[in-house]
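Undergrad:
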């Protein structure tokens, strides 16, 4: 498990592009036949990618967590972004089609990942946060998730938001997770920009063409930087940072948050004339 430490925003001002990538971008999360994880000191979230083939891949605490098993003091949200897969939780099977979500609560000991067709494997993405209370394991298919329409073609941000894990959806301790789909010919996300200094956030960009890119903007509102993001790459967004993007084509992204509160609308919006 790779460890990423938190960064002081004053130090961030001096970072080169390579340094920003090293600290905040997760470039190679998905590798065939592997389970890869990054542990961030921002709200102690763990970000993972799994492509199971013939070998069973198990969620393992390893040495980083210093617990007997991964979910001993944690909860996790999983979204399948590829072909049909399956997650087995303490012997109970959950089939996941593309864009289906599974939440697993505190205390589940044995979690394994599988593909229906190992030659065309699932691509299972997850985010985990610390938990203090057990909530029921629950699957939410994309077909049952309530869509929220936002934006417009005129603003190039016509999009649909699916909230999976939140106060009015799947219940959790502190993890919130959902997905945003931009319509064709729409490229902007999270603009006007905002910050939420009480919660870090993770973005995974996917469903992008090989040559497509997203210019992901981050940093304090008055001193922004950008990263060039490819398909199935993730960004760790500190609480003090904006997290906006514009693509060369439309795209989809999964957002996940954990931190001080459990209020989706806890955002401090930044007026356009304050962005620099």
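Numbering (my numbering), first residue to last: 1029 to 1304.
Backbone N, C-alpha and C fix where the C-beta goes; we use that ideal spot for every residue, glycine too.
Tell me the residue span of the alpha helix (DSSP H) that contains residue 1037.
TA: Residue mapping note: residue 1037 aligns to position 9 of the chain shown, counting from 1. Unbroken alpha helix (DSSP H) run through residue 1037: 1037–1040.
Undergrad: DSSP three-state label for residue 1156, please.
TA: Here residue 1156 corresponds to residue number 128 of the chain shown, with the count starting at 1. Three-state result, residue 1156: strand.
Undergrad: For residue 1043, which residues from the same chain have a beta carbon less than 6 Å from its beta carbon, with the 5 sequence-adjacent residues on both sides left out?
TA: Within the chain shown, the letter at position 15 stands for residue 1043. None.
Undergrad: Taking the C-alpha atoms as reference points, what is the distance between residue 1287 and residue 1182?
TA: For this step, residue 1287 is matched to residue 259 along the chain shown. For this step, residue 1182 is matched to residue 154 along the chain shown. The straight-line gap from Cα to Cα measures roughly 34 Å.
Undergrad: Would you tell me roughly how many angstroms separate the C-alpha atoms of residue 1163 and residue 1210, rounded to the nearest one?
TA: As a working mapping, residue 1163 is identified with position 135 in the chain shown. As a working mapping, residue 1210 is identified with position 182 in the chain shown. Each residue's alpha carbon lies about 31 Å from the other.
Undergrad: Buried or exposed for residue 1071, please, with buried defined as at least 16 other CB atoms from any protein chain shown within 10 angstroms of its CB.
TA: Taking the chain shown and counting its residues from 1, the one referred to as residue 1071 is at position 43. The residue in question, residue 1071, is buried, as its Cβ has 16 or more Cβ neighbours within 10 Å.
Undergrad: With DSSP run on the structure shown, which of helix, strand or coil describes residue 1045?
TA: If you number the chain shown from 1, residue 1045 lands on position 17. In the displayed model, residue 1045 falls within a helix according to three-state DSSP.
Undergrad: I need the straight-line Cα distance from residue 1237 to residue 1259, nearest angstrom please.
TA: In the chain shown, residue 1237 corresponds to position 209, counting from 1. In the chain shown, residue 1259 corresponds to position 231, counting from 1. Going from the Cα of residue 1237 to the Cα of residue 1259 covers about 7 Å.
Undergrad: Can we say the region 1267–1276 touches the region 1101–1112, given the rule of at least three CB pairs closer than 8 Å?
TA: no
Undergrad: Mapping DSSP to helix, strand and coil, what is residue 1196?
TA: If you number the chain shown from 1, residue 1196 lands on position 168. Three-state DSSP puts residue 1196 in coil, outside helix and strand.
Undergrad: Could you give the uninterrupted runs of the beta strand (DSSP E) lying entirely in the region 1223–1263, keeping only those of 3 residues or more?
TA: 1227–1234, 1242–1248 and 1251–1257
Undergrad: Within 10 angstroms of the Cβ of residue 1193, are there 16 or more other Cβ atoms? Answer buried if so, exposed if not.
TA: Sequence index remark: in the chain shown, residue 1193 carries index 165 (1-based). With 16 or more Cβ atoms within 10 Å of its Cβ, residue 1193 is classed as buried.
Undergrad: Between 1299, 1263, 1284 and 1303, which has its C-alpha nearest residue 1342's C-alpha?
TA: No information on residue 1342 is available, as it lies outside the stretch 1029 to 1304 that the chain covers here.
Undergrad: In or out: residue 1229 buried (at least 16 other Cβ within 10 Å) or exposed?
TA: Locating residue 1229 in the chain shown gives position 201, counting from the first residue. Buried, because 16 or more other Cβ atoms sit within 10 Å of the Cβ of residue 1229.
Undergrad: Leaving out five residues on either side along the sequence, give the residues of the same chain with a beta carbon under 8 Å from the beta carbon of residue 1296.
TA: Translated into the one-based positions of the chain shown, residue 1296 becomes position 268. Correct list, in chain order: 1222, 1223, 1224 and 1225.
Undergrad: State the start and end residues of the unbroken beta strand (DSSP E) segment that holds residue 1075.
TA: The residue labelled residue 1075 in the question sits at position 47 within the chain shown. Annotation for residue 1075: the continuous beta strand (DSSP E) segment containing it runs 1074–1078.
Undergrad: Quick one: give me the first and last residue of the beta strand (DSSP E) that residue 1179 is part of.
TA: Working through the chain shown from its first residue, we reach residue 1179 at position 151. Taken as a continuous stretch (DSSP letters only), residue 1179 belongs to no beta strand (DSSP E), as it is neither H nor E.
Undergrad: Are the CB atoms of residue 1188 and residue 1271 within a distance shorter than 8 Å?
TA: Translated into the one-based positions of the chain shown, residue 1271 becomes position 243. Translated into the one-based positions of the chain shown, residue 1188 becomes position 160. Against a cut-off of 8 Å, the Cβ pair of residue 1188 and residue 1271 comes out as no contact.
Undergrad: Which residues mark the beginning and the end of the beta strand (DSSP E) in which residue 1286 is found?
TA: Start at 1 with the first residue of the chain shown, and residue 1286 comes out as number 258. Note, residue 1286: beta strand (DSSP E), 1280–1287.
Undergrad: Does the structure place the region 1077–1089 close enough to the region 1134–1141 that three or more beta carbon pairs sit under 8 Å?
TA: yes
Undergrad: According to the neighbour-count rule (16 or more other Cβ atoms, all chains shown, within 10 Å of its Cβ), is residue 1249 buried or exposed?
TA: Against the chain shown, residue 1249 aligns to sequence position 221. Classification of residue 1249: buried, given that the 10 Å Cβ count is 16 or more.
Undergrad: So the beta strand (DSSP E) residue 1142 belongs to, where does it begin and stop?
TA: As a working note, residue 1142 is residue 114 in the chain shown. 1139–1143 is the extent of the beta strand (DSSP E) around residue 1142.
Undergrad: Which residue marks the beginning of the beta strand (DSSP E) containing residue 1116, and which one marks its end?
TA: One-based indexing of the chain shown puts residue 1116 at position 88. Unbroken beta strand (DSSP E) run through residue 1116: 1113–1117.
Undergrad: Just reading off the beta strand (DSSP E) that residue 1132 is part of, what are its end residues?
TA: Counting from one through the chain shown, the residue named residue 1132 turns up at place 104. Residue 1132 -> beta strand (DSSP E) spans 1129–1132.
Undergrad: Do you know offhand how far residue 1054's Cα is from residue 1233's?
TA: Taking the first residue of the chain shown as 1, we reach residue 1054 at position 26. Taking the first residue of the chain shown as 1, we reach residue 1233 at position 205. The straight-line gap from Cα to Cα measures roughly 11 Å.
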